[in-house]
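Working notes for the structure below.
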Amino acid sequence: MKNKLEVYLFSFLLIIFFINYHYYRFYEEDFKKIFQHVPFSLNKNNYEEVQRFHPYYQLYQLSQEIKDPEKTIVYVKTKVDPRDPQYLHESTIMIDYFFYPYKLKPYSLRQLSKMTFSTDQLIIADTDIRGLNEKWATLYPIVIPRKDLIRINRQKEDDFFVYKIPQ
Amino acid sequence: MHIYFVRLFLYILSIFLTGGILYLAFFPGVVRKNNIFIGLGISWILGIFSFIIILYVLAFINALHYVTFAYFIPFFSAVVLIFVYMLYKRWREFVPMVTIKDGIALLVTCVFFYSLLQDALFSYLIAWDGIAIWFLKAKSFFYNAGVWNNAFFENLFTYQYVHKAYPIGFPLLIAAYYRLIGTVNDQVVQFFLLFFYLNLFLISYGFLKTALKTVSSIILFFASLAIFIVPQFIIYSHNGYADMALSFIFALSTILFIFFLQDKAERPAYMKLLFITSASGAFIKNEGYTFFASMAFFTILIFIRDHFREKAQHKTIRMTRVISLLILGALILFPLFLWQYFKQTVPIEANSYLEGAHLYANSLSRLSMIIFHYLDEVTNVTKYGIFSILVLFLFIFEHVVFIANGKIKQLLPSLPFLVQLFFYTVIYLVTTVLLEWQLRTSFERLWIHLFPSVIIVSACYIIPTISLIEKTWHISLGRAK
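Protein chains in written order, with my numbering: chain G, 1 to 167; chain H, 1 to 481.
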């Protein structure tokens, strides 16, 4: 410290630093959560293990497992808001992202009601469609229990539903 | 160590070293006058600029498949050798840049941000815009060799929400890493994005050290930490958005603009660095275009004024200076021209948010809504910490003192920030999108671009403001001489 003014300044800054640091501390604690499940190591590829905590892990997993998703998956998009052209359901973004370079064509409920399915097909919908039509009541939902880090500032992800066609 | 991490670190190092070579080779005067923190920031942006230009050209000749680790090894080796040679050649300029104190500050920075560095390597990608606008495009550049015959761009009616017309520098940088490891890894690459944040912190600290030489480094280090560890900066540090990159670019441009105004001897060098830095913003995001345009406009204006003054004083005007500036201008405009040409040739976006933009009859009430939202954001202590309020008060107070003392000309460093804010306001005034929605979803990111520049400008005015107060009121505020 060069003079008394600096001592005052330093004390003042230290207080502000600790006030701001308490926010940063939240994030530090949040960052550590993943390491309770995935040990920090640079010696192996941890991608899959970390990805298991992704809120849309099931979509990611399907994108990795299914060879020809454009044929196998029927994507039902019901969440559209004609008054709000900016409206975009999160599942659309995630499906587009995970399945790229494949592009899953979105179908409406009306289009879906006219379709026939084979048993190797899957349906992904942005709403629970089972109660909407008698035909769909027998669809078998596939739910993968997802690990959750319960991170701070997390917004609850938009719902999505994955169904198997019954035999 | 797994190859994904090794290649990531080599990729980041190659950007620093490429930039370092250019910094040492072409700007020895600037190297001599600046500390290591500003030097690191300049090296980072010079590297980013060079990589983006190369990647833009490769994308436009559909040759991105040449970006492989096999080709990267000789490139990296050459970069290391040339860098070592440059260090040997320029050790006189470089050595004074590095002090033990600075080394300790760098070490403390790494230790302090250790958990952030870890998180950047081990977190999944979830942020909407990051995925939709940047990472999806990065995937398209991983699966395709360039922009031509790329269905992602050429099919007008798919992925309409991803703003295909946005500049492609950011996704190209991400895709280059994917190509080095031969797969898509949207977790590890976030570590690369974090370097924009870390460099932002370092250049801000470096600038405070330069602008407030009489204040101890430890005070300035704590001040910089206190400013940059607030939630908004941490959230955007590596979440996949390009806003932190722009924040770093605007902050570095502001610093370079201040040096450009203050240091007449190195003015041409700072001018070139300013062009490169601000143009890098235009390669990354649309907001960068206006910033680049205003920076180029102000610097060229001052350069022309200098030119005529030198002419009046019968000094010989060095043509090499003009020619080198013209070459640099062409280099900067080339990728922008390529992207523009592609967009003209292949219609890639069905509707832009600026389509049909016009001034509304209720512009005044729109303006009041915009200002209300601005104030709401910039005084948000939860997002920016209590320092934000202090900085804003300081910023306003300094302007009042300068204006009251008739020193308006000395407020030139504020100009790029104010012009950029003006552009943002104009966009909000004319947008066809629902204003409330657009303000709510975009201004917090735009303020990230500008807030560090406000801090830098405020810091630059502190000493002159104290001098003006002392002069006006005949008092001494006890600054160490």
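Even glycine gets a Cβ: it sits at the ideal position worked out from N, Cα and C.
All of these numbers come straight from a predicted model, not from anything done at the bench.
Within 7 angstroms of any Cβ in chain G, is that where the Cβ of residue i sits?
i	result
H/S388	no
H/I234	yes
H/N62	no
H/N185	yes
H/Y492	The question about residue 492 of chain H has no answer here: the residues shown for chain H are numbered 1 through 481.
H/K481	Legend: pLDDT at H/K481 = 44, less than 50; position of this residue unreliable, value from coordinates given subsequently. No - not a single Cβ of chain G is within 7 angstroms of the one on H/K481.
H/A226	yes
H/A132	yes
H/G169	no
H/V111	no
H/V454	no
H/H2	yes
H/D129	no
Taking the straight line between their C-alpha atoms, what separation do you get for residue i and residue j?
i	j	result
H/Y270	H/F257	7 angstroms
G/N46	H/Q118	12 angstroms
H/L212	H/I12	31 angstroms
H/D102	H/I36	7 angstroms
H/Q410	H/F402	8 angstroms
H/D263	H/S476	28 angstroms
G/I16	H/G406	33 angstroms
H/R92	H/M369	55 angstroms
H/S246	G/L42	Correcting the residue type first, residue 246 of chain H is Leu in the shown sequence and not Ser. Between H/L246 and G/L42, the C-alpha separation is close to 30 angstroms.
G/L104	H/Y159	11 angstroms
G/F10	H/F222	8 angstroms
G/L112	H/V433	32 angstroms
H/D129	H/G240	8 angstroms
G/L88	H/W134	17 angstroms
H/K164	H/F308	43 angstroms
H/A265	H/D306	12 angstroms
H/L40	H/M86	15 angstroms
H/K209	H/L220	7 angstroms
H/L173	H/M244	15 angstroms
H/A155	H/I53	Per the sequence shown, the amino acid found at residue 155 of chain H is Asn instead of Ala. Their Cα atoms are separated by approximately 25 angstroms.
Looking only at its chain, what residues have a beta carbon closer than 8 angstroms to the beta carbon of residue i, apart from the 5 residues adjacent to it on each side?
i	result
G/F53	I34, H37, R146, K147, D148 and L149
H/Y66	L58
H/V457	T254, I258, F395, P413, S414 and F417
Just to confirm my understanding: we take residue i, look at its own chain, exclude 5 residues before and 5 after, and list those with CB closer than 6 angstroms. What are they?
i	result
G/F117	I165
H/L58	L64
H/Y384	V230 and Q232
H/F83	L17, G20 and I21
H/A480	Bear in mind that a pLDDT of 45 at H/A480, under 50, signals an unreliable position, so the number given afterwards is only what the model happens to contain. If we look at H/A480 and ignore the five residues flanking it on each side, its Cβ neighbours are T214.
Considering only C-alpha positions, which residue in the set the options is nearest to residue i?
i	options	result
G/I19	H/F228, H/F395 and H/A282	H/F228
H/A282	H/S14, H/W339, H/F303 and H/F135	H/W339
G/P101	G/D68, G/T119 and G/N43	G/D68
H/T183	H/A138, H/L24 and H/F157	H/A138
H/F248	H/S280, H/F153 and H/I100	H/S280
G/I152	G/L14, G/D96, G/N3 and G/F31	G/F31
H/R90	H/P28, H/F292, H/S204 and H/S115	H/P28
G/M94	G/L14, G/R25 and G/L62	G/L62
H/Y461	H/I284, H/F443, H/I348 and H/V400	H/V400
G/F12	H/S278, H/I234, H/A265 and H/A226	H/A226
G/L122	G/I73, G/Y27 and G/Y8	G/I73
H/I302	H/Y236, H/F191 and H/P268	H/P268
How would you label residue i, buried or exposed, when you count the other beta carbons within 10 angstroms and need 16 or more for buried?
i	result
H/I371	exposed
G/V143	exposed
G/Q64	exposed
H/S363	exposed
H/K311	exposed
G/Q58	buried
H/S77	exposed
H/H449	buried
With a cut-off of 7 angstroms, does the C-beta of residue i fall near any C-beta of chain H?
i	result
G/H89	no
G/E49	no
G/F160	no
G/L42	yes
G/E70	no
G/N20	yes
G/H54	yes
G/L13	yes
G/Y102	no
Can you name, in chain order, every residue of its own chain whose Cβ lies under 7 angstroms from the Cβ of residue i, other than the five neighbours on each side?
i	result
G/Y60	Q51, H54 and F98
H/A487	With chain H represented from 1 up to 481, any question about residue 487 of chain H goes unanswered, as that position is not in the structure.
H/F207	I38, I255, I456 and A459
For residue i, verify whether its CB is less than 6 angstroms away from any heavy atom of the ligand PLP.
i	result
G/K156	Looking at this structure, you won't find the ligand PLP or any other ligand, since it has none at all.
If you measure from the beta carbon of residue i to each beta carbon in chain A, is any gap under 7 angstroms?
i	result
G/N133	Looking for chain A here will not work: the only protein chains present are G and H.
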